[in-house]
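Sequential numbering of the sequence shown, starting at 1, is according to my numbering.
Glycine residues also receive a C-beta, built at the ideal position from the N, C-alpha and C atoms.
None of the values given here were measured: they were computed from a predicted structure.
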Amino acid sequence: MSVNKVIVLGRLGQAPELKYTQSGQAVCHFSLATSETWTDKSGQKQEKTEWHRIVVWGKMGEVCNQYLAKGRQAFIEGKLQTRSWDGPDGTKRYTTEINATNVQFIGAQTSANTSTNAAAPNNYKNGAPEQSPAPTTQEEEYNISANANYTADDVPF
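Shown next, in the form of structure tokens:
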């Protein structure tokens, strides 16, 4: 048996980049930073930041592009994927990224094109909204599942 599952919670290091494949499939890329802090033997506080490349496909990628921004916190579930290609100089290049299957937007929305008071989507799993109380503060969560089939009518914004 084997398992390929990754869970990260961090902040975006840049605005998401949305592109479309030749077949019209949306794909969103962004980087996510996770940090850990500790005190070393001499009592000095240390911090280490890891950067993760995130790939989100389809409608979920389009929603990520619309609602995520640099500095926004996100919770990502997915699987590790390594791909390769030939660089311009002919050398083989590799990258390892997280292919997201679930994305939750954490914290207040800070995107320049939307307001923090805008109506927020509820948590979504498998294409249907979960029953949960409305957020009582501007700390909003967004949860979009890769297994969901969304149409424009399904998204409440």
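Taking the Cα positions, residue 8 is about 8 Å away from residue 32. Here the alpha carbon of residue 86 sits roughly 23 Å from the alpha carbon of residue 18. A distance below 8 Å between beta-carbons, with the five flanking residues on each side excluded, links residue 46 to the following residues of its chain, in chain order: 37, 38, 39, 40.
Judged by DSSP in its simplified three-state form, residue 78 adopts strand. For the pair residue 13 and residue 5, the Cα-to-Cα distance works out to about 22 Å. In this model, residue 76 and residue 44 are separated by some 31 Å (Cα to Cα).
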